[in-house]
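Residue numbers (this note's numbering): 654 to 859.
Note that the Cβ used here is the ideal one computed from N, Cα and C, for glycine as well.
What follows is a set of notes on a single structure, which appears directly below.
What follows is the structure in structure tokens.
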């Protein structure tokens, strides 16, 4: 029985020794080989994620919208449109109208007939109204004056001839054209701006 106990103890010590040797000599895992990440250190970005971020950045740059104008006329706007097609993803045109004072018109009300209108016109020409003309309704147009004081002075001169003279403020509508461009090539757009003569005003859409 003594030899059996000795055999069991020998086997026990052999197993313990094998376990200790295995623990000391095992290969480190892949996770243990990686250095620990310090707090605040950015993590690694996968290649696919990088491509997605890059495409998103390009889209943001492409969506930069600029409002160009106003252009003096529609022809100038069309020329700019054609040259912008190479640097813009999308182009939209806008048209607006501005109302401004054009001056003050003097007019004699219609006469009974053409003959009476001719007589009145001769009197006005003699009084210095060189632009007096007879309209289709036999009224007489004395012209448009930019200054109200001058218009009122000329009105009084015509009234001294015994004529009724009407004074009316005139308004003119001026059209303006604009282009809204979604730029895809910032460098090309800056080059386009530098080539415009006269310079084209530009501001972000909004």
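Taking residue 805 as reference, the option from 758, 847, 858 and 814 with the minimal CA-CA separation is 758. For residue 815, the secondary structure class from DSSP, reduced to helix, strand or coil, is coil.
Under DSSP, the beta-bridge partners assigned to residue 745 are 833.
Every beta strand (DSSP E) of 3 residues or more that sits fully in the stretch 727-777 is shown, in chain order, as 741-761. Residue 841 sits in a helix when the DSSP states are folded into three classes.
DSSP places residue 794 in the uninterrupted beta strand (DSSP E) bounded by 793-798. Sixteen is the threshold: since fewer than 16 other Cβ atoms of the shown chains lie within 10 Å of the Cβ of residue 803, the residue is exposed. Within the same chain, and ignoring the five residues on either side of residue 856 in sequence, the residues whose Cβ sits closer than 6 Å to its Cβ are 720.
Within the same chain, 723 and 749 come within 6 Å of residue 829 by CB-CB distance, once the 5 residues on both sides are set aside.
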